[in-house]
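Take a look at the structure set out below.
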Amino acid sequence: MKELDARIQATFPYALVDDAHLYVDLPVPERFAEDRKMNVFFLRICSGCCSKCAYCAIRKATGTITSRSPAAVTSSLMYGLNRGFDIVSIVGEDTGAYGVDIGSSLPELLLSLCGCPGCYRFRLHDVNPQWIRLYGPRLLDTLYAYSQRFEMLLFPLQSGSNSLLQRMNRHYYAEEVGEFFHRVHCHLPHVRIHTHILVGFPGESDKDFQCTLDFLDQHPYVWFSAYPFSPVPGTTAALLSGDIPRADVDSRMAQLPQERCL
Ligand code: SF4
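Under the working numbering, residue 276 is the last one in the sequence shown; the count climbs by one each step, no gaps.
Next up, the structure:
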């Protein structure tokens, strides 16, 4: 535990707060992790990530995945509920990776959290869709069993083109993500499905972009945030050829269905 505390202190020197017993393995200051205006309590379940997406430098800053214990996550959830929050945002750099370092998993954690008493709903953020391949049926079982516990899911698709996803080093197919979204939407129509779209990744052809438009067209219940690609120094993507001219990126951004763009 001392070793973990030292690591947390080194990474987040402001992490230890007054109620330290509640946060002993929590690498963020939870006293900042609430938004009273929006009535949202932010429940961080892990930090870091075990993927290597070509455009992303987050892992360089956070390191690989470090999951909080299920008991600590539950304790924080109860803390938030006792403070009167009824919307709980489950956050992490990649929440789908939760547990791989401690012999647990996101579906296992969700199943356990959903059983906590109280009237509250979850917003599940930032699940890299690659975890659908591993956990899809188990995630769906939990979502179906506790449908009223969820109000928003965010799985960042980034592109509807499988070849571009491969170039981004994202390990899933757009079709399997679409199938998952479809199942969630059919069984839980009240749940807002949210995704991210990255526009103008190096080498993105008109055909690739059309795949993204097609995906959004085929899943009209999906809301999204769109981002123009910008190279981050030190990432693989910054070294890739195939820059897309800014005017083309802007034109593609404008072609996205704006009425669903958040
Ligand atoms: S985009 Fe997300 S999953 Fe990919 S490397 Fe960055 S933090 Fe990890």
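Just so it is clear, CB atoms sit at the ideal spot from N, CA and C, and this is done for glycine as well.
- Taking a C-beta distance under 8 Å as the contact criterion, Arg181 and Gln144 do not qualify as a contact pair.
- Contact check for Tyr134 against Leu168 fails: the beta carbons are separated by 8 Å or more.
- In this structure, DSSP gives Val102 an extended state, which the three-state scheme calls strand.
- Close CB contacts of Leu154 within its chain, under the 8 Å cut and outside five residues either way in sequence, are with Phe194, Arg197, Val198, His201 (chain order).
- Around the C-beta of Ser244, fewer than 16 other C-beta atoms lie within 10 Å, and the residue is accordingly described as exposed.
- Here Ala268 carries a helix assignment [DSSP, helix/strand/coil].
- Checking the DSSP bridge columns, you'll see Pro131 has no partner listed.
- A straight-line Cα-Cα distance of about 11 Å links Thr76 and Cys60.
- Sequence-distant partners of Gly150 (beyond 5 residues in either direction) whose C-beta falls short of 8 Å from its own C-beta, in its chain, are Glu190, Phe194.
- In the three-state DSSP reduction, Ile72 falls in the helix class (H, G or I).
- Fully contained in the stretch 158-215 are the following alpha helix (DSSP H) runs of length 4 or more, in chain order: 176-181, 188-201.
- Burial of Ala111 is indicated by the presence of at least 16 other C-beta atoms within 10 angstroms of its C-beta.
- Distance between Asp262 and Glu218, taken at the CA atoms: about 10 Å.
- Taking each of Ser161, Leu127, Glu107 in turn and checking the Cα distance to Arg73, the smallest one comes out for Glu107.
- Taking 7 Å as the cut-off, the C-beta of Lys74 does not count as close to any heavy atom of ligand 1.
- In the structure shown, Pro234 falls within a coil segment according to DSSP collapsed to helix, strand and coil.
- Taking the C-beta atoms as reference points, Phe238 is found nearer than 8 Å to Leu276.
- CA-CA distance, Tyr235 to Leu148, rounds to 24 Å.
- For Thr80, the secondary structure class from DSSP, reduced to helix, strand or coil, is strand.
- Counting along the chain, Val54 sits inside the beta strand (DSSP E) bounded by residues 54-58.
- Among the bridge pairs identified by DSSP, Ala261 is matched with none.
- Arg82 and Asp228 have their C-alpha atoms spaced approximately 38 Å apart.
- Looking at Cys70, Asp100, Gln269, the one whose alpha-carbon comes closest to that of Ala252 is Cys70.
- Sequence-distant partners of Tyr158 (beyond 5 residues in either direction) whose C-beta falls short of 6 Å from its own C-beta, in its chain, are His201.
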